[in-house]
Structure formats: C-alpha cells, structure tokens
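Data block below; observations after.
Protein chains: 2
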Amino acid sequence: MGNGLEKNNQHTATDKAYQYIKSAILCGKFPPGERMAEEKLAAETGVSRTPVRSALSRLASEGLIKPMGRRGYCFARDSLEEMEEVFDLRAVLEGYALRLIIPMVNDRLIESLTECVDRAQEAIDSGQRHQVFEWNTKFHDTLNDLIADKKRLYNLVCDLRKYVLRYRKDTLQYIKGAVHSIDGHRKIIYALKLGYPDLCERVMREHIMEAKADAYQTIIEDR
Amino acid sequence: MGNGLEKNNQHTATDKAYQYIKSAILCGKFPPGERMAEEKLAAETGVSRTPVRSALSRLASEGLIKPMGRRGYCFARDSLEEMEEVFDLRAVLEGYALRLIIPMVNDRLIESLTECVDRAQEAIDSGQRHQVFEWNTKFHDTLNDLIADKKRLYNLVCDLRKYVLRYRKDTLQYIKGAVHSIDGHRKIIYALKLGYPDLCERVMREHIMEAKADAYQTIIEDR
DNA sequence: TGAAGGCTTTATGTATACAAATTATCCTGA
DNA sequence: TCAGGATAATTTGTATACATAAAGCCTTCA
Chain A
165 MGNGLEKNNQ HTATDKAYQY IKSAILCGKF PPGERMAEEK LAAETGVSRT PVRSALSRLA
225 SEGLIKPMGR RGYCFARDSL EEMEEVFDLR AVLEGYALRL IIPMVNDRLI ESLTECVDRA
285 QEAIDSGQRH QVFEWNTKFH DTLNDLIADK KRLYNLVCDL RKYVLRYRKD TLQYIKGAVH
345 SIDGHRKIIY ALKLGYPDLC ERVMREHIME AKADAYQTII EDR
Chain B
165 MGNGLEKNNQ HTATDKAYQY IKSAILCGKF PPGERMAEEK LAAETGVSRT PVRSALSRLA
225 SEGLIKPMGR RGYCFARDSL EEMEEVFDLR AVLEGYALRL IIPMVNDRLI ESLTECVDRA
285 QEAIDSGQRH QVFEWNTKFH DTLNDLIADK KRLYNLVCDL RKYVLRYRKD TLQYIKGAVH
345 SIDGHRKIIY ALKLGYPDLC ERVMREHIME AKADAYQTII EDR
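Protein chains in written order, with our numbering: chain A, 165 to 387; chain B, 165 to 387.
Here's what the structure looks like:
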C-alpha cells in the first residue's frame with residue numbers, strides 16, 4: 165500500500181478480471197447504463213465467468229458499478245447526485261481522518277507533504293498536467309497511509325477516491341481545480357501544524373467540498 | 165426497508181445462504197478465528213457452494229467476516245480496536261446524517277421519535293428487555309430511513325449497525341446502556357427541534373460514543 | 001396497422017466437476 | 001521420542017453444464 169490507489173493484486177484469475185474490468189471502466193469503455201455482459205467480459209479477460217462474477221461483485225461493493233436486479237451490472241449513470249454524495253462522504257471521512265492524524269504529526273511528515281505541494285506547483289508552472297495529478301494524489305496518499313491501521317476507514321476512503329477517478333478529465337478546467345487543490349493542501353499543512361482537531365476536520369472538509377465544486381464544473385462543461 | 169436492520173431478501177439461493185450465515189454468526193455459532201468451511205455451510209443451508217460463496221463475499225464486504233487469503237473466511241476475532249473503529253465511524257457518519265435530516269424535520273417526525281423514546285422507557289420500567297432493544301432500534305431506523313436516497317451513506321450506516329449487533333448481549337450491563345441510549349435519544353430530539361447543524365452532529369456523535377463505552381463495558385465484563 | 005400472445009434467443013443464477021493449493025497424517029530415521 | 005519430509009485428505013479457486021428468467025422476435029388476429 166502506498167503509492168497509488170491500488171490494493172496489491174494477487175495473481176489470481178479473479179484479480180485479473182477485477183483489474184481488467186476496473187481499468188476498462190475508468191477508460192470510459194462502458195456507456196453508462198449499459199448492461200455489462202459477463203460472458204463477454206470473461207472472453208476479453210481470458211478467464212471463465214466465475215472469477216468475472218467475483219470481480220463484478222467486488223466492484224459493486226466498492227460502488228463502481230451497480231447491480232440491476234437479475235439483469236446483471238452496469239456502470240452507473242453518474243447522476244450528479246451520486247457524485248455529490250461521494251464527495252460529501254469523502255469530506256466527512258477524510259475530515260475525521262485528519263483529526264486522527266494530528267498525534268502523528270512530525271517534521272518528517274510536514275516535509276513530505278510540503279514536497280508534494282511544491283512539486284505540484286512546479287508541475288503546474290511547467291504545464292505538466294499528469295505530474296500535477298501525481299503529486300496531488302501523493303499528498304492524499306501520504307495522509308491516508310497514516311490511518312492504514314484503521315482498516316475500515318482506510319478502505320472506505322480508498323474506495324471513494326477510486327470512485328472519484330471517473331471524474332478526472334484532462335481538461336483546462338481540471339488544471340483550474342488542481343490549482344485550488346494546491347491551495348487547499350497548503351491550508352491542510354497549516355492546520356496540522358497548529359494541531360487543532362476541529363480546525364483540521366473543517367479545513368479538510370472544505371478542501372474536498374471545493375474539489376466537488378471543481379468536478380461539478382468539469383462535468384457540466386462536458387455536456 | 166424500515167423496521168429492522170434487514171434489507172429485503174429476494175428468494176434466491178444466495179440470499180438464503182446470506183440470511184442463514186449471518187444469523188448463525190450473530191448467534192455466536194462460529195468461534196472467532198475459526199475457518200468457515202464453504203461446503204459445510206452449503207450443506208447446512210441446502211444450496212450449493214456457489215451461492216454460499218456469493219453470500220460470504222457479501223458478508224465480507226459488509227465487514228462481518230474477514231477473508232484469510234486462500235484459507236477462506238472467518239468470523240473476525242473482535243479486537244477491541246475494531247469495535248472501537250466501527251463505533252467511531254458510526255459516530256462520524258450518523259452525526260453527518262443527522263445534519264442532513266434537519267431540513268426534513270416536522271411534527272410527524274418528532275412525534276414518531278418521541279414515541280420510540282417513550283415506549284422504550286415504558287419497556288425499561290416494566291423490565292421487558294427485548295422491547296427496549298426494539299424501540300431503541302426503531303429510533304435509529306426512523307432517522308436512517310430519511311437518508312435512504314443517499315444510498316451510499318445509507319448502506320454504510322446499515323452495515324455498521326449490523327456489525328455492531330454482535331456486541332449486543334442480553335445482560336444487566338446492556339440494560340444500563342439502554343438507559344443511556346434513551347437519554348441520548350431525548351437529546352437528539354431536542355437538537356433536531358433547535359435545528360442547529362453543528363449541534364445535531366455533535367449530539368449524535370456523543371450519543372454513539374457513549375454507546376461505544378457501554379458496549380466496551382459489556383465486552384469487558386464478558387472476559 | 002397495431003397490439004397481444006407465444007416462441008426463440010440470450011443472460012444470469014445455480015450446481016457440479018476438476019485443478020491447485022493448503023492442511024493433516026503418517027512414515028522414516030536419528 | 002521427536003524432527004523432517006513425503007503422501008493423503010481437505011478446501012478453496014476455476015471452469016463448465018444446466019436451469020430459469022428476461023428480452024427479443026415473430027406470428028396472428030382484431
């Protein structure tokens with residue numbers, strides 16, 4: 165655990181299917197609302213339906229796809245309401261998480277976080293979009309890893325962040341959001357330095373609500 | 165949805181297995197840490213291994229059981245840390261949920277909630293333990309159902325509450341906790357009447373933290 | 001023409017057979 | 001007696017076959 169948003173993949177057929185289907189989803193390969201045929205996925209992945217079904221069930225429990233009764237699963241039509249809910253939950257949970265992190269704050273941590281912010285800023289200045297994303301992600305990963313022992317909270321936050329990836333669009337609007345992010349991250353660092361629990365929770369909440377607003381813009385401009 | 169903690173069960177084999185296994189767990193039929201053999205469960209449920217595996221996977225995603233690599237699942241040894249984490253999450257999420265409920269407050273709701281509290285009180289006075297549990301549960305259900313449209317939040321809270329059932333012991337200590345609960349529920353009603361978001365969130369958090377402390381006592385006395 | 005009903009096709013839910021991996025057992029030797 | 005390892009038994013992971021329920025299609029009748 166650590167660098168990316170991935171859990172470590174075993175080399176089992178189920179995980180193979182899981183990885184394949186998930187990345188296919190994130191690449192936008194499935195039109196929202198369309199039934200995802202198990203057999204087809206099985207053929208594409210090169211395994212049988214059984215592990216595909218496991219993988220689908222897992223993805224559903226992570227909320228990336230939705231069960232449609234006896235009509236299989238589909239990539240959820242991303243209602244704005246659902247997107248909002250995910251961001252709201254992130255705000256609440258990551259806000260709480262930041263509270264838990266306060267006792268673990270030390271110079272090394274502040275240094276790591278500051279590096280993420282600085283590098284992201286550099287990337288913005290030199291126009292390297294992908295790098296901006298990488299460093300902003302790393303910022304949250306760094307905080308996230310500190311609560312890895314709270315397995316439920318940790319997994320929840322990971323799942324929600326995975327889900328949110330679908331709203332990542334490589335647009336100018338996204339860059340605008342990235343700039344906001346950097347500001348938010350700076351505030352988070354200050355709050356951690358101050359060490360006030362309520363403040364930390366609040367700052368993180370506001371940061372993620374801002375991210376929600378930016379994602380919202382990105383989607384709107386998309387339609 | 166509504167009365168109990170159950171989602172409505174389809175009459176499919178998977179759901180049959182799910183129900184059976186879950187109630188078996190909650191009855192304490194599985195010693196913590198012991199491997200739950202799929203074939204055995206299949207035989208007891210009267211279905212094949214396939215739906216049993218589905219059910220196990222679902223229970224694992226709800227956190228009631230834990231996967232042990234390639235060695236199947238087991239009822240998680242309930243470390244105190246894990247119990248604490250579940251209550252903490254409930255506090256955070258249900259606290260946030262109460263915030264969302266404020267705009268929906270009306271006389272009918274207040275009436276329903278008040279009835280739950282009064283009936284629970286009556287049940288305590290007449291020593292009907294099971295009734296106490298029923299009405300306290302109904303109190304939370306009533307609130308919970310109001311956020312049913314926020315599906316993620318709703319399901320999360322349902323899962324966490326299901327999980328917490330394992331700490332329900334029919335002891336005197338539990339009755340003591342129930343009394344605390346009733347006080348907490350009264351405070352929640354007041355907070356809702358006042359309609360201050362921060363207050364509502366805080367009152368609910370404190371209520372659940374108290375429940376945690378009581379559950380803690382119950383467990384301790386058990387050892 | 002249009003709609004209703006039944007038939008065919010397709011897809012999911014379930015059962016079962018097999019493969020791979022883990023666990024238990026037993027045998028051997030020091 | 002105990003350690004070590006080979007072998008048997010059990011158990012999970014995967015593939016496949018079958019049952020059942022949707023969905024699509026076609027025929028027929030008003």
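We put the beta carbon where it would ideally sit given N, CA and C, even for glycine.
7 Å Cβ cutoff met for residue i and residue j
{"i": "A255(B)", "j": "M373(B)", "result": "yes"}
{"i": "V328(B)", "j": "K351(B)", "result": "no"}
{"i": "R222(B)", "j": "Y182(B)", "result": "yes"}
{"i": "H371(A)", "j": "G348(A)", "result": "yes"}
{"i": "S225(B)", "j": "T178(B)", "result": "no"}
{"i": "V281(A)", "j": "I288(A)", "result": "no"}
{"i": "V321(A)", "j": "L257(A)", "result": "yes"}
{"i": "I266(B)", "j": "G359(B)", "result": "yes"}
{"i": "P361(A)", "j": "R263(A)", "result": "yes"}
Cα-Cα separation, residue i to residue j
{"i": "A188(B)", "j": "R369(A)", "result": "40 Å"}
{"i": "A206(B)", "j": "R213(B)", "result": "5 Å"}
{"i": "M200(A)", "j": "Y354(B)", "result": "48 Å"}
{"i": "L317(B)", "j": "K357(B)", "result": "23 Å"}
{"i": "E202(B)", "j": "T209(A)", "result": "27 Å"}
{"i": "P215(A)", "j": "K326(B)", "result": "28 Å"}
{"i": "K204(A)", "j": "G197(B)", "result": "38 Å"}
{"i": "E375(B)", "j": "R332(B)", "result": "The sequence as given places Ala at residue 375(B); Glu does not occur at that position. Their Cα atoms are separated by approximately 11 Å."}
{"i": "D309(B)", "j": "M268(B)", "result": "11 Å"}
{"i": "E249(B)", "j": "C364(B)", "result": "21 Å"}
{"i": "R330(A)", "j": "A379(A)", "result": "10 Å"}
{"i": "L190(A)", "j": "R234(B)", "result": "28 Å"}
{"i": "K314(A)", "j": "A377(B)", "result": "18 Å"}
{"i": "G259(B)", "j": "V211(A)", "result": "44 Å"}
{"i": "A284(A)", "j": "N270(A)", "result": "22 Å"}
{"i": "I311(A)", "j": "E245(B)", "result": "13 Å"}
{"i": "M247(B)", "j": "R293(B)", "result": "23 Å"}
{"i": "F194(A)", "j": "S290(A)", "result": "34 Å"}
{"i": "T382(B)", "j": "F251(A)", "result": "36 Å"}
{"i": "H175(B)", "j": "L307(B)", "result": "28 Å"}
{"i": "E286(A)", "j": "Y338(B)", "result": "58 Å"}
Opening and closing residue of the beta strand (DSSP E) in which residue i lies
{"i": "I239(A)", "result": "Rather than Ile, the amino acid found at residue 239(A) in this sequence is Phe. Unbroken beta strand (DSSP E) run through F239(A): Y237 to F239."}
Range of the contiguous alpha helix (DSSP H) that encloses residue i
{"i": "K180(B)", "result": "A177 to L190"}
{"i": "V250(B)", "result": "L244 to I265"}
{"i": "Q295(A)", "result": "R293 to D309"}
{"i": "D271(B)", "result": "D271 to D289"}
{"i": "R330(B)", "result": "Segment: none, R330(B) is in no alpha helix (DSSP H) and carries neither H nor E."}
Identity of the residues DSSP links to residue i by a beta bridge
{"i": "M200(B)", "result": "Y237(B)"}
{"i": "I229(B)", "result": "F239(B)"}
Flag this pair as touching only if the stretch 269-288 of chain B and the stretch 225-236 of chain B have three or more C-beta atom pairs under 8 Å; answer yes or no.
-> No, because fewer than three Cβ pairs between the stretch 269-288 of chain B and the stretch 225-236 of chain B fall closer than 8 Å, the two stretches do not touch.
With contact counted as at least three CB pairs below 8 Å, one residue from each stretch, are the stretch 231-240 of chain A and the stretch 302-314 of chain B in contact?
-> Taking 8 Å as the limit for Cβ pairs, the verdict is that the stretch 302-314 of chain B does not touch the stretch 231-240 of chain A.
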